[in-house]
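K.L.:
Sharing a structure, written as structure tokens. Questions coming.
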Amino acid sequence: MAELDAPIKDVTVYSDRALITRRGTLHLEAGEHELRINNLPQFIRDSLRAAGQGPEGTRILNIDVTTAFYSRPPEEELLNLQNALEQLQQNQQLLQTRQETLNDRRQWLRALGEQSHDFAKGLAQGHMKPDDCATFFSFMANQALQDAEA
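Everything in the sequence shown is counted per the numbering used here, starting at 13 for the first residue and increasing by one.
In structure tokens:
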């Protein structure tokens, strides 16, 4: 049995109903064939119509609607997908927040780095010790390294 993918191509809404047109293309060899179109709404049994084109003599012999039962309801899969989407959105928000935090921290480190000339003055005037400068620059280097790894 051949499966035909027939997505919705046109919708016309009337006051008491709607006309939904699906189209699909399938090339078949000469002979009798059964086609299946999956995932149609369950309430179309009385209104299903079909048409086709082919060489002269091509015709549709029968249209039959059957209900397929799934071992696992599609709603469960939909729920799983929605939960996964929510988790991905939360992860995306966390990553955006982390990126903003890193950007703020880098700006702060740059501002501290721009104050390094004050360290030179402090050393020259005896207000600071070389160990103070070494500790500061070690801290700056470690923070920059952590930012690069994040």
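Note that the Cβ used here is the ideal one computed from N, Cα and C, for glycine as well.
Find the nearest neighbour of Ala-156 within the set Leu-124, Glu-126, Arg-118, judged by alpha-carbon distance.
P.N.:
The residue you call residue 156 lines up with position 144 of the sequence shown. Measuring from the Cα of Ala-156, the nearest candidate turns out to be Arg-118.
K.L.:
Output the distance between the C-alpha atoms of Leu-60 and Ser-83, rounded to the nearest integer angstrom.
P.N.:
By 1-based counting over the sequence shown, the position of residue 60 is 48. By 1-based counting over the sequence shown, the position of residue 83 is 71. Distance between the alpha carbons of Leu-60 and Ser-83 is about 26 Å.
K.L.:
The beta strand (DSSP E) with Asp-28 in it runs from where to where?
P.N.:
By one-based count along the sequence shown, residue 28 stands at place 16. Per DSSP, Asp-28 belongs to no beta strand (DSSP E) and is neither H nor E.
K.L.:
What is the rounded straight-line gap between the Cα of Phe-131 and the Cα of Leu-97?
P.N.:
Translated into positions along the sequence shown, residue 131 becomes position 119. Translated into positions along the sequence shown, residue 97 becomes position 85. Distance between the alpha carbons of Phe-131 and Leu-97: 51 Å.
K.L.:
Grab the span of the alpha helix (DSSP H) containing Arg-57 for me, first residue to last.
P.N.:
Sequence index remark: in the sequence shown, residue 57 carries index 45 (1-based). Arg-57 -> no alpha helix (DSSP H), and no H or E assigned at all.
K.L.:
Find the nearest neighbour of Lys-21 within the set Leu-31, Gly-43, Ala-14, judged by alpha-carbon distance.
P.N.:
Within the sequence shown, residue 21 is the residue found at index 9, counting from 1. Ranking Leu-31, Gly-43, Ala-14 by Cα distance to Lys-21 puts Leu-31 first.
K.L.:
Is the Cβ-Cβ distance between Leu-47 and Ala-14 less than 7 Å?
P.N.:
The residue given as residue 47 occupies position 35 in the sequence shown. The residue given as residue 14 occupies position 2 in the sequence shown. Yes, Cβ-Cβ distance for Leu-47 and Ala-14 is below 7 Å.
K.L.:
When the Cα of Gln-111 is compared with those of Pro-53, Gln-158, Glu-44, which residue comes out closest?
P.N.:
Along the sequence shown, one-based indexing puts residue 111 at 99. Among Pro-53, Gln-158, Glu-44, the Cα nearest to that of Gln-111 belongs to Gln-158.
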